[in-house]
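Only one structure is covered here, and it is reproduced in the block below.
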Ligand SMILES: Cc1cc2nc3c(=O)[nH]c(=O)nc-3n(C[C@H](O)[C@H](O)[C@H](O)COP(=O)(O)OP(=O)(O)OC[C@H]3O[C@@H](n4cnc5c(N)ncnc54)[C@H](O)[C@@H]3O)c2cc1C
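In our numbering, the protein residues as written are 38 to 435.
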């Protein structure tokens, strides 16, 4: 067995790499264990929220190539006249290929001297001083003073600790594919259809990524046909990647700290990608976990994680409830159009409350847009009455 690291990171996705980088920047020795080598691709909508970009800057990650995104546009499939749009706060977001993001994080981690081990591991045991993992293939063992579990949605480390809880909602899945097509918008375009949504993200001057989220699995082309306007735009466009899927999404967890093990990113629990914040949140929770370790307060991570994530979780949950009810799609988009400041406040909440410095942000005053939404609270209540009444009256579709 190799020497004990201050921080042993399991999983080399964005969250694991961010934890490794943050660890090295805090002067800790870091070993990262990941079964795959090189630059990894993955099913992802590839919209990086403003505070994800800020978190990357804090980590010293440079060299991302992507397309600036000014905001989000909502549409309803088959109703081209129904749309609403709002801007991201500050500098906006970035549409960036997952491979570009991964390559940039990897380069930074390598430059900082993170020790990489190619292995798939299982949790072996922990005591008062360290945590040990063993190679799933029966090879060697690796040890750290602390373990950061960044092993994704279906975290084996989380399961081994008995931290899984059963899901509360019917399962949802996702698939994404790229097409050679000049982007027709500088926004992430979200289209609602019964039982599915489409997310189009410009990722290069001649390429868009299309992520479809859905309840009943079906081939990509079958799902795409539910979005006639989008299917028309992509008609004849050359696919530049194969369809990659993921899900089911909802992963509920009992706790995010167990002794010397801290869960980050998707491994720390997940609801749904529909707000496009997974990567930003992974970067933020990783930085937070390392900060708790560096301060010698791993147990503080639980409350700090909750403070960082609760507002966005509430928003994701509300949006998911609407997405599952096709009769509300039009009402949602009309409300967003009638109240652009409320729509922008929602984007600001997602972006503003969840930065790598989110443990401070969570206690700070709400973002400007949200304050405005509160000031105009009466109007907001009025405009969303239709949505609320329908939500309480109708059962979810599935
Ligand atoms: C369809 C779809 C669209 C999305 N759209 C967006 C979006 O627009 N914007 C956004 O920010 N997010 C989006 N997300 C979410 C985002 O992709 C995730 O939140 C993000 O990938 C989480 O990163 P992670 O590092 O936590 O996990 P992962 O990227 O899943 O990385 C986990 C890593 O752990 C490794 N691993 C697993 N088991 C072991 C083991 N036993 N030993 C060692 N290593 C192990 C895996 O090989 C993997 O590399 C989307 C997701 C989907 C599915």
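Beta carbons are placed, not taken as given, at the ideal position from N, Cα and C, and that holds for glycine.
Subject >> Residue(s) in a DSSP beta bridge with residue 217 >> reply: 244, 275
Original post:
Under 7 Å between the Cβ atoms of residue 350 and residue 238?
Top reply: no
Original post:
So which of 217, 336, 76 has the shortest CA-CA distance to residue 247?
Top reply: 217
Subject >> Limits of the unbroken alpha helix (DSSP H) element including residue 348 >> reply: 338 to 360
Subject >> Inter-stretch contact at 8 Å, needing at least 3 Cβ pairs: the region 99 to 116 / the region 44 to 57 >> reply: no
**OP:** Might you give, ordered along the chain, the residues of its own chain that have their beta carbon closer than 6 Å to the beta carbon of residue 198, omitting 5 neighbours on each side?
**Re:** 295
Original post:
So residue 138 packs on residue 51, CB below 8 Å; how close in whole Å?
Top reply: 6 Å
**OP:** Compute the distance between the beta-carbons of residue 282 and residue 212, then report whether it is under 7 Å.
**Re:** yes
Subject >> Segments assigned beta strand (DSSP E), at least 3 residues, entirely inside the region 85 to 124 >> reply: 103 to 106, 108 to 113, 116 to 124
Original post:
Would the beta-carbon of residue 263 be found less than 6 Å away from any heavy atom of ligand 1?
Top reply: no
Subject >> Touching by the beta-carbon criterion (3+ pairs, under 8 Å), the region 297 to 309 and the region 319 to 326 >> reply: yes
Subject >> Cα-Cα separation between residue 127 and residue 88, rounded to whole angstroms >> reply: 9 Å
**OP:** Determine the contact status of residue 264 and residue 230, defining contact as a CB-CB distance below 7 Å.
**Re:** yes
Original post:
What did DSSP end up calling residue 286 once you bin it into helix, strand or coil?
Top reply: coil
**OP:** Tell me residue 73's beta-bridge partners as DSSP assigns them.
**Re:** DSSP, once it has assigned bridges, lists no residue as partnering residue 73.
Original post:
Taking the alpha helix (DSSP H) that residue 148 falls in, what are its first and last residues?
Top reply: 135 to 148
Subject >> CB contact flag (residue 225, residue 106, <7 Å) >> reply: yes
Original post:
Quick one: does the C-beta of residue 70 sit closer than 6 Å to a heavy atom of ligand 1?
Top reply: yes
Original post:
For residue 153, which three-state DSSP category applies?
Top reply: strand
Subject >> Sequence-distant residues of its chain with Cβ nearer than 6 Å to residue 101 (five each side left out) >> reply: 133, 137, 141
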